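Colleague: Can you read through this structure? Questions will come right after.
Residue numbers (the numbering used here): 207 to 270.
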């Protein structure tokens, strides 16, 4: 039998992470990455997008 490259503990941690998080694949217009990077925010593009979406969701929910 072939040996697995990841341990059972690692696979368990991955499954737990995937259960607790939602993955969304989004396509942005060309140049968006460069616009975000030009802001020099000291965070990753993913963190910026995640934080911005959560902030906007909170804003919209508080209007109701």
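Where a beta carbon is used, it is the ideal one built from N, C-alpha and C, also for glycine. For clarity, every value in this text was computed on a predicted model and none was experimentally measured.
Grab the span of the alpha helix (DSSP H) containing residue 266 for me, first residue to last.
Modeller: Unbroken alpha helix (DSSP H) run through residue 266: 251-269.
Colleague: Using a Cβ-Cβ distance under 7 Å, would residue 226 count as near chain D?
Modeller: Absent here is chain D; the protein component of the structure consists of one chain.
Colleague: Since residue 251 and residue 260 are thought to touch, with beta carbons under 8 Å apart, how far apart are those beta carbons, to the nearest angstrom?
Modeller: Not really, about 15 Å apart at Cβ, beyond 8 Å.
Colleague: Among 255, 208, 262 and 268, which has the Cα closest to the Cα of residue 232?
Modeller: Nearest option by C-alpha distance: 255.
Colleague: For the alpha helix (DSSP H) that residue 217 lies in, which residues bound it at each end?
Modeller: Residues 214-226.
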